[in-house]
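Undergrad:
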Amino acid sequence: TVGAVAVDMQGNVTAATSTGGMLNKMEGRVGDTPCVGCGGYADNQFGAVSPTGHGEAIMKVTLSRLILFYMEQGKSPEEASDMALTFMLERVSGLGGVVVVNPKGTWAARFNSKQMAWAAVQQEKLHHGLYQE
Amino acid sequence: MLPVVVVHGGAGQIPNERAEASCAGVREAARKGYEILMSGGSAMDAVVEAVAMMENNPLYNAGRGSVLNWKGEVEMDALVMDGCTLACGAVSAVRRVANPIYLARLVMDKTSHVCLTGEGAFKFARAMGIPEVPEESLITEYARKRWKDNLNPEADHVQNQMGKMG
């Protein structure tokens, strides 16, 4: 799965996610990616999210909307991401990761899987990572 | 407010020999999206082009390089969402399209629907002038190897574990 979130100069936020799905999936299986609120969400009031991971788990907790719900309650993108990923792990044993922005441009790339390749650019500075911490 | 692009290339486990290239791919995609923002482009243009770049990179499970279903075929899903209007577009189980993210954006821009699936999505792509690509062009040797290995219940290595992440 690949995904991206962005904030532009007008303060608009967007999310995009694309995937080939799960290896050796059943014909016709659809995961979280095309489901609004699961495989992505964007709202200028709160932010935007693009996830990756166990699709069925992400759908069961509507991961993207859950993160924005926590941000609506005042959590930062990082705090909201960690809370939602922990919730997904505890409730449905789901692993995955997310990239998140809020309308001010505060961003996070968080995951509870072993790895997630991610990168961010802001103020001409490139940030990137692969492993936890 | 500070413009920003953040991208990911999936949460599956990456074999050591593919790690550096995977990291390079997400860096390139993030830079591409940021260039669009800095030239006055919209956040929507930035995320769609960043994702399309990763779909075209055979290292990732999207577009060319997608994992195979149990029949050895490629079925892809994609979603875009605009936070300004809550407009969104998606496609699911779509085949023979190089960039499902472009198709998802067309669903958002050109229809009153949110998601088109399977053959209907493919027909919509054709109506929108998106060229049909041979399924073989989306399948990499790596994807085929993982598919074959996964048919063998004895196999249990890193490549197969990766496939459990959608």
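Residue numbers (the working numbering), protein chains in the order written: chain Z, 2 to 134; chain R, -8 to 157. Glycine included, C-beta positions come from ideal geometry on N, C-alpha and C. From a predicted model like this one, the values you see are computed outputs, not experimental measurements.
I'd like to check one pair, residue 34 of chain Z with residue 70 of chain R: are the Cβ atoms closer than 7 Å?
TA: The answer is yes: Cβ separation under 7 Å.
Undergrad: Starting from the Cα of residue 135 of chain R, find the closest Cα among R:57, R:-5, R:16 and R:4 and give me that residue.
TA: The residue with the shortest Cα to Cα distance from residue 135 of chain R is R:57.
Undergrad: Along the region 105 to 125 of chain R, what residues have a CB closer than 8 Å to any CB found in chain Z?
TA: Listed by position along the chain: 105, 106, 108 and 109.
Undergrad: Starting from the N-terminal side, write out each stretch of the alpha helix (DSSP H) that is 4 residues or longer and does not extend beyond the region 11 to 79 of chain R.
TA: List check, alpha helix (DSSP H) in window: 34 to 46.
Undergrad: Leaving aside the five residues before and after residue 68 of chain R along the sequence, list all residues of the same chain whose C-beta is less than 8 Å from its C-beta, in chain order.
TA: Correct list, in chain order: 81, 82, 83, 84, 85 and 91.
Undergrad: Fully enclosed by the region 79 to 131 of chain R, which alpha helix (DSSP H) runs are 4 residues long or longer?
TA: Here the runs fully enclosed are 91 to 101 and 109 to 118.
Undergrad: Starting from the beta carbon of residue 44 of chain Z, find every residue of chain R whose beta carbon is closer than 7 Å, and list them in chain order.
TA: 74 and 77, listed in chain order.
Undergrad: Could you tell me the alpha carbon to alpha carbon distance between residue 47 of chain R and residue 96 of chain R, rounded to whole angstroms?
TA: Each residue's alpha carbon lies about 17 Å from the other.
Undergrad: Establish whether the CB of residue 24 of chain R and some CB of chain Z are separated by less than 7 Å.
TA: So, interface residue.
Undergrad: From the beta carbon of residue 120 of chain Z, is the nearest beta carbon of chain R less than 7 Å away?
TA: Chain R contact via Cβ: present.
Undergrad: Taking its Cβ as the centre, do 16 or more other Cβ atoms sit within 10 Å of residue -1 of chain R, making it buried, or is it exposed?
TA: The residue is buried, with at least 16 neighbouring Cβ atoms inside 10 Å.
Undergrad: For residue 11 of chain R and residue 54 of chain R, what's the separation of their Cα atoms in angstroms?
TA: Cα-Cα distance, rounded: 20 Å.
Undergrad: Which class does residue 52 of chain Z belong to by DSSP, given the choice of helix, strand or coil?
TA: Reduced to three states, the DSSP call for residue 52 of chain Z is strand.
Undergrad: State the Cα-Cα distance for the pair residue 63 of chain Z and residue 39 of chain Z, rounded to the nearest angstrom.
TA: Rounded to whole angstroms, residue 63 of chain Z to residue 39 of chain Z spans 4 Å at the Cα level.
Undergrad: Among R:22, R:2 and R:21, which one has its Cα closest to the Cα of residue 23 of chain Z?
TA: Looking at the Cα atoms, R:2 is the closest of the given residues.
Undergrad: So that I know if they touch, is there some Cβ in chain R lying closer than 7 Å to that of residue 81 of chain Z?
TA: By this cut-off, residue 81 of chain Z is not an interface position.
Undergrad: Alpha helix (DSSP H) containing residue 88 of chain Z: first to last residue?
TA: Residue 88 of chain Z -> alpha helix (DSSP H) spans 78 to 93.
Undergrad: Could you give the distance in angstroms between the alpha-carbon of residue 50 of chain R and the alpha-carbon of residue 13 of chain R?
TA: Their Cα atoms are separated by approximately 6 Å.
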